[in-house]
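At position 47 of the sequence shown the residue is numbered 47 (UniProt numbering), and the sequence of numbers has no breaks.
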Amino acid sequence: MQCAFKGYRVDPCSMVSPLQELLLELHSSDTAALRSKVLLTVVEMLGFGICGVDRCLMGQGCLGVLKGVTAGGLLVWALLDFVLVVACSLSFSDHLKGLGYNVTFESSTVTASFWLCLVLLVAQLLSACRLWRNMSDRYADVESEQEAAKPEACKCAVHPRRRSWAAGSGFGKHAATTQALDRFS
């Protein structure tokens with residue numbers, strides 16, 4: 001049975017549901033198209049994997065959109081893909097099979113991907129160290145400002161404002177309270 005839809009002839013039996021399309025993408029063995037490992041490495045290392053760009057580049061458009069809509073699967077999926085791609089880039093492998101990937105890379109991009117991944121990984125680690133140092137310096141500055149803002153240590157244990165409040169509120173009229181306050185002076 002065929003029906004006409006906007007000038008196209010469509011067989012309803014051949015229509016694929018979104019779930020079936022996702023399953024087809026996960027289990028596809030389309031290795032005829034060689035992919036660029038350098039491009040995948042750059043996308044992952046710059047953080048675009050969170051948006052699903054990595055999956056779209058590897059021919060998994062529906063998974064890429066799903067990953068982008070879920071913000072990288074609440075960052076869990078993105079982190080797993082990041083670790084997988086970095087491990088693959090640093091291994092000189094010409095294929096990537098895992099977590100739904102089934103990709104063969106151009107052999108000319110394997111070595112370049114290794115060095116690019118290594119350089120970008122070191123740059124990210126240095127950037128994270130610098131950020132950590134800046135944050136700890138700011139925290140130390142805030143602590144020193146708070147220490148400087150504290151009033152000088154007074155001779156008495158009772159703050160002068162509290163003592164004047166106690167003396168003016170009727171408590172100071174009693175000899176015992178006055179003597180107790182005077183002991184701390």
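Yeah, the Cβ is synthetic: ideal placement off N, Cα and C, and Gly gets one too.
- Straight-line spacing of the CA atoms in W115 and L63 works out to 28 angstroms.
- Within the segment 45-120, complete beta strand (DSSP E) segments of at least 3 residues are found at 95-98 and 101-104, given in chain order.
- Here the alpha carbon of V65 sits roughly 40 angstroms from the alpha carbon of D137.
- Beta-bridge analysis with DSSP links R35 to F105.
- The beta carbons of K150 and S89 sit no closer together than 8 angstroms.
- When DSSP states are grouped into helix, strand and coil, S144 belongs to the helix group.
- Taking the Cα of G100 as reference, the smallest distance to any Cα among A78, L118 and C117 is reached at A78.
- Looking at S91, I50, S144 and R130, the one whose alpha-carbon comes closest to that of C117 is S91.
- DSSP, reduced to helix, strand and coil, places S136 within a helical segment of the structure shown.
- When only Cα atoms are considered, A123 and S17 end up about 43 angstroms apart.
- Here the alpha carbon of E145 sits roughly 10 angstroms from the alpha carbon of Y139.
- By the Cβ-count criterion, K67 is buried, with 16 or more other Cβ atoms from all chains shown falling within 10 Å of its own Cβ.
- By the CB criterion at 8 angstroms, V119 and D94 fall outside the cutoff.
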